[in-house]
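Below you'll find the structure, written out as structure tokens, and then a few comments.
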Amino acid sequence: MFNEELKALRRMGFRQVLLQALNFAAVIASGLMMWKGLGLLTNSESPIVVVLSGSMEPAFHRGDLLFLTNPVNEPYQVGDITVYKIPGEDIPIVHRVIESHYLHDTPLDQEILTKGDNNPYDDISLYKNLKWLERRHVVGKVRGFLPYVGYVTIAMNDFPQLKYALLGIMGLFALIQRE
Amino acid sequence: MYSSLQRLNNLSTFVTTCTLALLAAISLSSFLLATTPTGELNVSPVQMYDYLILRCDRRRRGVRNDKKPPSSNSLLTLVRLSLSFPILILFDGRNGLTTRGLEPGLLSRLAPPTCKLWSSFDCLILVIPPCDNDGDDATTTITDLRPLFHWNTKQVFLYLCAEYTNGKGGSQLDNEVVIWDRIVRRRQDARIRIENGQNKYYFKEHSGNFRNVSEAQFTLKYNVMPYVGPLTYGEGGRTKSKVQFPKRT
Chain A
1 MFNEELKALR RMGFRQVLLQ ALNFAAVIAS GLMMWKGLGL LTNSESPIVV
51 VLSGSMEPAF HRGDLLFLTN PVNEPYQVGD ITVYKIPGED IPIVHRVIES
101 HYLHDTPLDQ EILTKGDNNP YDDISLYKNL KWLERRHVVG KVRGFLPYVG
151 YVTIAMNDFP QLKYALLGIM GLFALIQRE
Chain B
1 MYSSLQRLNN LSTFVTTCTL ALLAAISLSS FLLATTPTGE LNVSPVQMYD
51 YLILRCDRRR RGVRNDKKPP SSNSLLTLVR LSLSFPILIL FDGRNGLTTR
101 GLEPGLLSRL APPTCKLWSS FDCLILVIPP CDNDGDDATT TITDLRPLFH
151 WNTKQVFLYL CAEYTNGKGG SQLDNEVVIW DRIVRRRQDA RIRIENGQNK
201 YYFKEHSGNF RNVSEAQFTL KYNVMPYVGP LTYGEGGRTK SKVQFPKRT
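Right under this line is the structure:
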């Protein structure tokens with residue numbers, strides 16, 4: 001199956017192979033630039049997240065994609081759906097703000113309490129040692145929603161072989177493509 | 001001519017482009033179809049209760065519903081714990097908070113005379129008063145959220161929040177607390193009328209008691225969650241005048 005491709009590869013010569021590799025690197029770099037650029041635009045370290053748990057059902061199910069922003073100069077309002085990470089844990093949690101307290105003069109120094117819509121109790125048991133959530137723990141608030149698309153990420157996390165297989169195939173195609 | 005791989009490539013590109021265009025159009029329709037609902041809100045604070053929680057939690061809240069009746073042993077344990085750090089102790093083992101479970105007489109029977117710490121925690125029960133005209137649909141106060149339900153509405157999340165401040169001047173703390181919420185999934189359920197309602201969540205003050213709080217403004221807000229696209233927020237109603245918290249006697 002790959003006979004013609006391998007022959008073409010040998011015919012190309014060293015310089016061409018290098019050029020192909022450079023093209024590949026350029027594609028990767030521009031992808032990374034777009035992701036980081038989006039992060040800068042939204043002021044959030046991870047502007048697109050996948051919902052991992054069912055604690056916000058029936059609105060968000062596992063595998064839904066969320067678009068986040070992190071507004072620079074306004075405090076989070078009660079009712080905003082925020083994605084936060086507890087220091088020490090690396091799972092982002094998507095829950096709604098139900099309490100917000102801040103000093104009138106420093107609205108950005110706020111203390112937040114969250115709760116999932118589908119949970120009967122608030123999140124205090126998830127906070128580990130924290131009494132209140134602070135702004136620095138919050139990755140962003142949810143602005144947009146796209147159903148089901150995130151399932152690819154969940155599948156790749158649950159089956160790492162799928163991830164390596166996909167990357168391998170993409171790498172192969174990138175190297176042997178002639179255009 | 002074209003290889004099958006090329007045909008597949010073209011086809012998949014076309015399908016993806018069409019799907020994305022459709023999703024973008026649905027998302028944009030959210031902006032065009034957005035309307036404002038109407039509603040009125042009346043809230044009156046009824047009583048302040050001291051809390052005595054039977055099943056305590058090391059954190060400030062973390063309420064667990066304990067179906068066991070109070071026993072003198074458990075009370076003793078709690079008293080010891082409450083002396084080392086302040087906790088809110090929930091008395092009622094039933095679901096949620098009912099005024100029946102917190103009769104002042106019942107509380108004083110259980111509270112040991114030496115334990116004073118529990119009296120510094122106050123919690124508020126709010127009751128939304130009944131409508132004046134019962135049965136007369138034309139003039140009763142109803143929050144009508146039906147304009148929010150268009151084809152891109154998956155659900156509407158309604159929440160009642162209390163806004164108040166604590167303290168004055170430089171140390172003024174702005175607080176906003178959700179005390180009740182509801183998920184409305186269908187247009188038929190979108191006319192909200194609550195009589196003798198209660199707050200769903202315990203209304204606890206950040207500092208621990210309601211002594212220095214200002215009057216509160218209660219607002220009914222909503223969040224429209226779409227099938228695809230942007231989430232929208234809005235306000236369904238607001239109390240016309242600020243509500244005072246009752247003073248302790």
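Protein sequence lines, in the order shown, are assigned to chains A and B. Going by full-length UniProt numbering, the first sequence opens with residue 1, and the numbers climb by one from there. Going by full-length UniProt numbering, the second sequence opens with residue 1, and the numbers climb by one from there. Positions of the beta carbon are idealized from the N, C-alpha and C atoms, including for glycine. Please read all numbers here as calculations on a predicted model, not as lab measurements.
**Prompt:** Taking the alpha carbon of Thr219/B as the point to measure from, which residue in Glu176/B, Asp189/B, Arg185/B and Leu231/B has its own alpha carbon closest?
**Reply:** Locating residue 219/B in the second sequence gives position 219, counting from the first residue. Ranking the options by Cα distance to Thr219/B, first place goes to Glu176/B.
**Prompt:** Does the distance from the CB of Val142/A to the CB of Leu145/B come in under 8 Å?
**Reply:** The residue labelled residue 142/A in the question sits at position 142 within the first sequence. The residue labelled residue 145/B in the question sits at position 145 within the second sequence. Not closer than 8 Å, so no.
**Request:** Check each residue of the region 201-225 of chain B: if its Cβ is closer than 8 Å to any Cβ of chain A, include it; give the result in chain order.
**Result:** Result list: Tyr201, His206, Lys221, Asn223 and Met225.
**Asked** Can you list, in chain order, the residues of the region 60-79 of chain A whose Cβ is nearer than 9 Å to any Cβ on chain B?
**Response** Taking 9 Å as the Cβ-Cβ cut-off against chain B, the residues of the region 60-79 of chain A that qualify are Phe60, Phe67, Pro75, Gln77, Val78 and Gly79.
**Prompt:** Do Ile93/A and Val83/A have their C-beta atoms closer together than 8 Å?
**Reply:** Within the first sequence, numbered from 1, the residue matching residue 93/A stands at position 93. Within the first sequence, numbered from 1, the residue matching residue 83/A stands at position 83. It is a contact, given that the beta carbons lie within the stated cut-off.
**Request:** Please confirm if the region 66-74 of chain A is in contact with the region 159-179 of chain B, defined as three or more CB-CB distances below 8 Å between the two stretches.
**Result:** no
**Prompt:** What's the call for Thr106/A, buried or exposed, on a 16-neighbour Cβ count within 10 Å?
**Reply:** Numbered from its first residue, the first sequence carries residue 106/A at position 106. Thr106/A is exposed by the Cβ-count criterion.
**Prompt:** I think Pro226/B touches Thr153/B, with their Cβ atoms under 8 Å apart; what is that distance to the nearest whole Å?
**Reply:** Position 226 of the second sequence, counting from 1, holds the residue named residue 226/B. Position 153 of the second sequence, counting from 1, holds the residue named residue 153/B. Indeed they touch by this definition, with Cβ atoms about 6 Å apart.
**Residues within the region 147-165 of chain A neighbouring chain B, beta-carbon criterion of under 8 Å** = Pro147
**Asked** Of the residues that make up the region 103-121 of chain A, which ones have a beta carbon closer than 7 Å to any beta carbon in chain B?
**Response** Leu103, His104, Asp105, Asp117 and Tyr121
**Message:** Once the 5 residues before and after Leu173/B are set aside, which same chain residues still bring their CB inside 7 Å of it?
**Reply:** Position 173 of the second sequence holds residue 173/B. Cβ within range, chain order: Thr165, Asn166, Gly167 and His206.
**Item:** With 16 other Cβ atoms within 10 Å as the buried cut-off, status of Leu110/B
**Value:** Reading the second sequence from its first residue, position 110 is the one you call residue 110/B. Low local confidence applies: a pLDDT of 38 at Leu110/B is under 50, so the model's placement there is unreliable, with the coordinate-based value given in what follows. Looking at its Cβ environment, which holds fewer than 16 other Cβ atoms inside 10 Å, Leu110/B is exposed.
**Request:** For Gln155/B, count neighbouring Cβ atoms within 10 angstroms of its own Cβ and tell me buried if that reaches 16, exposed if not.
**Result:** Position 155 of the second sequence holds residue 155/B. By the 10 Å Cβ count, Gln155/B comes out buried.
**Prompt:** In this structure, does DSSP put Arg96/A in helix, strand or coil?
**Reply:** Indexing the first sequence from 1 puts residue 96/A at position 96. In the structure shown, Arg96/A sits in a strand (DSSP, three-state: E or B).
**Request:** Take Leu23/B and list the residues in its own chain whose beta-carbon comes closer than 6 Å to its own, dropping the five residues that flank it on each side.
**Result:** As a working mapping, residue 23/B is identified with position 23 in the second sequence. Only Val228 meet the Cβ criterion.
**Item:** Inside the region 13-67 of chain A only - beta strand (DSSP E) runs reaching at least 3 residues
**Value:** Listed in chain order, they are 48-50.
**Message:** Report the CB separation of Asn181/B from Leu158/B in whole angstroms; it is logged as a contact under 8 Å.
**Reply:** Taking the first residue of the second sequence as position 1, residue 181/B is located at position 181. Taking the first residue of the second sequence as position 1, residue 158/B is located at position 158. The amino acid occupying residue 181/B in the given sequence is Asp; Asn does not appear at that position. So it is a contact: roughly 6 Å between Cβ atoms.
**As assigned by DSSP and simplified to three states, the class of His137/A** = What you label residue 137/A is simply residue 137 of the first sequence in a count that begins at 1. Correct three-state label for His137/A: helix.
**Request:** Taking all protein chains shown into account, decide if Asn65/B is buried (16 or more other Cβ within 10 angstroms of its Cβ) or exposed.
**Result:** Locating residue 65/B in the second sequence gives position 65, counting from the first residue. Below a pLDDT of 50, predicted positions are generally treated as unreliable, and Asn65/B, at 38, falls in that range; no measurement from the model is reported.
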